[in-house]
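Here's the structure, in structure tokens; my notes come after.
In the numbering used here, the protein residues as written are 94 to 568.
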């Protein structure tokens with residue numbers, strides 16, 4: 094209860110800060126396209142931060158990586174305070190030293206939009222129960238993950254992850270291992286959602302900027318298919334060696350049970366509300382200077398409604414609680430604030446060096462940074478740099494449409510990398526942390542931050558992504 098109260102005051106403080114100073118109205122991240130500077134770091138408008146201000150972000154990442162392993166009890170007790178304090182250090186620097194509150198205000202609005210989407214999808218999917226009474230086999234697991242990859246393009250990677258992680262754990266009872274969860278994160282929480290703007294936030298941001306809705310699936314499907322198949326093949330080979338539970342005499346009916354139709358409706362409302370934005374529908378009013386748009390109000394309302402009217406027996410069966418979303422909310426408020434200097438410095442350098450950037454650079458640079466930074470602003474920064482090569486402005490919808498028609502390889506590289514590489518770390522994408530938290534609460538011993546990377550993402554994902562680069566972007 095204390096943590097919930099504390100979290101409420103954090104949200105209230107963020108909203109107050111946003112209202113008390115000039116702030117942009119709602120659009121991709123509650124900011125209208127016509128007013129949004131994609132990098133928020135133009136040297137003419139705002140001073141650049143000192144590189145030393147990247148230190149709070151690095152410290153937070155290192156503590157996220159080492160805390161659960163080296164000082165578990167301290168971290169569990171104080172991680173909300175640590176995250177908020179490090180974020181406030183960065184905010185104070187911008188307000189007091191740089192006299193540039195706009196970058197912080199933009200990040201606050203981004204965060205509120207981010208947490209509105211994740212929390213609403215988390216609660217709505219928590220009231221849906223899927224029971225698969227089948228014996229878990231490598232093939233069944235592969236088909237389950239493939240199904241999750243497909244629907245993540247319809248309800249987003251967050252919605253698909255929250256809907257399917259518990260059934261995936263239950264179907265593998267008696268043989269569940271950490272690698273099951275890791276590959277779930279790889280496929281359902283990240284790479285699966287690369288085909289539509291609904292799938293992952295950076296793609297939706299591109300849609301709001303002028304990238305046609307169906308451009309993504311038309312230009313990414315033939316990259317998406319081999320990527321998914323390679324990851325699933327590796328999973329199949331690993332899972333085939335897992336002999337746990339084979340001696341079980343338990344009988345299975347083969348039935349699939351689905352309950353919680355009310356929450357499916359709530360889930361659809363959340364997905365539809367994604368498009369209720371002045372940048373997409375001109376008739377949607379802006380609520381400036383309020384930091385939330387109509388979209389976010391709907392999403393936060395769904396958090397309450399979906400929980401209030403959910404079937405309590407379903408919540409109990411799903412072992413639903415707010416722990417995973419609280420962890421994400423606390424950690425990402427610090428991440429969103431402390432990463433501001435890093436993103437601004439990256440944006441500045443990418444604009445300065447845009448003439449020297451090619452598809453290879455965009456692919457690996459976008460991917461690497463999307464592994465550790467929020468992939469939505471990373472996507473925008475490199476999209477801006479790519480368009481700068483041709484004298485085009487990312488803030489002009491007409492320019493974006495022109496860029497899409499003539500220079501698709503750059504947008505392909507940026508789009509694919511921003512989504513795919515989010516799977517490389519626990520913080521690469523919001524659902525990763527939530528899946529990890531739910532799994533740990535189910536008794537699964539998940540690897541640490543660094544173990545996740547050197548045991549799984551580096552040996553599994555990077556070779557796959559290297560092959561994708563070699564085939565499609567090695568120019």
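For each residue, glycine too, the CB sits at the ideal point set by N, CA and C.
Notebook entry, point to check: Which residues bound the alpha helix (DSSP H) around residue 529?
Noted result: 523 to 534
Margin query: If the criterion is Cβ atoms closer than 7 Å, does the pair residue 478 and residue 503 meet it?
Written below: no
Checklist line | Segment contact, 8 Å Cβ cut-off, at least three pairs: the stretch 429 to 449 with the stretch 255 to 263 | finding: no
Check: What residue range is occupied by the uninterrupted alpha helix (DSSP H) comprising residue 595?
Finding: The question about residue 595 has no answer, for the chain in this structure spans 94 to 568.
Margin query: Quick check: residue 366 and residue 391, are their CB atoms within less than 7 Å of each other?
Written below: yes
Note to self: Three or more C-beta pairs under 8 Å: does that hold for the stretch 391 to 409 against the stretch 214 to 225?
What the structure shows: yes
Next item on the list: Output the boundary residues of the alpha helix (DSSP H) element that contains residue 444.
Entry: 433 to 445
Check: Hey, residue 142 and residue 539: beta-carbon distance below 7 Å or not?
Finding: no
Next item on the list: Below 8 Å on the Cβ atoms is my guess for residue 459 versus residue 507; work out the distance and round it to an integer in Å.
Entry: 5 Å
Margin query: Suppose only complete runs of 3+ residues qualify. What are the beta strand (DSSP E) ranges in the stretch 323 to 373, listed by chain order?
Written below: 349 to 352
Next item on the list: Report the residue from 515, 555, 505 and 556 whose alpha carbon sits nearest the alpha carbon of residue 314.
Entry: 505
Next item on the list: Apply the 10 Å Cβ neighbour rule to residue 95 and answer buried if 16 or more other Cβ atoms are within range, or exposed otherwise.
Entry: The predicted position of residue 95 is uncertain, since its pLDDT is 48 and thus under 50; a value taken from the coordinates is nonetheless stated next. Answer is exposed; the Cβ neighbour count stays below 16.
Check: How long is the line joining the alpha carbons of residue 453 and residue 354, rounded to whole angstroms?
Finding: 45 Å
Notebook entry, point to check: Where does residue 377 sit, in a helix, a strand or coil, going by DSSP?
Noted result: coil
Next item on the list: Would you list the residues sitting across from residue 224 in a DSSP beta bridge?
Entry: 350
Notebook entry, point to check: If you draw a straight line from the C-alpha of residue 558 to the C-alpha of residue 316, how long is it?
Noted result: 10 Å
Next item on the list: Could you tell me if residue 556 is buried or exposed, where buried requires 16 or more neighbouring beta carbons within 10 angstroms of its beta carbon?
Entry: exposed
Checklist line | residue 249 classed as buried or exposed, judged by whether at least 16 other C-beta atoms fall within 10 angstroms | finding: buried
Item checked: Closest Cα partner of residue 288 within the set 386, 218, 440 and 242 -> 242
Item checked: Close beta carbons around residue 216, own chain, < 6 Å, minus the five adjacent residues each side -> 396, 399 and 400
Next item on the list: Quick one: grab the DSSP three-state call for residue 162.
Entry: helix
Next item on the list: For the alpha helix (DSSP H) holding residue 388, just list the boundary residues, first then last.
Entry: 387 to 401
Next item on the list: Return the Cβ separation of residue 526 and residue 426 in integer angstroms, given the expectation that the two are a contact with Cβ distance under 8 Å.
Entry: Wrong, their Cβ atoms sit about 13 Å apart, outside the cutoff.
Checklist line | DSSP three-state assignment for residue 489, whether helix, strand or coil | finding: coil
Check: Short check: CB of residue 251 to CB of residue 524, under 7 Å?
Finding: yes
Item checked: Selected residue, minimal CA-CA separation from residue 297, among 231, 247 and 259 -> 247
Check: Which residue from 179, 214, 157 and 319 puts its Cα closest to that of residue 389?
Finding: 214
Item checked: Unbroken alpha helix (DSSP H) run spanning residue 211, endpoints -> 194 to 219
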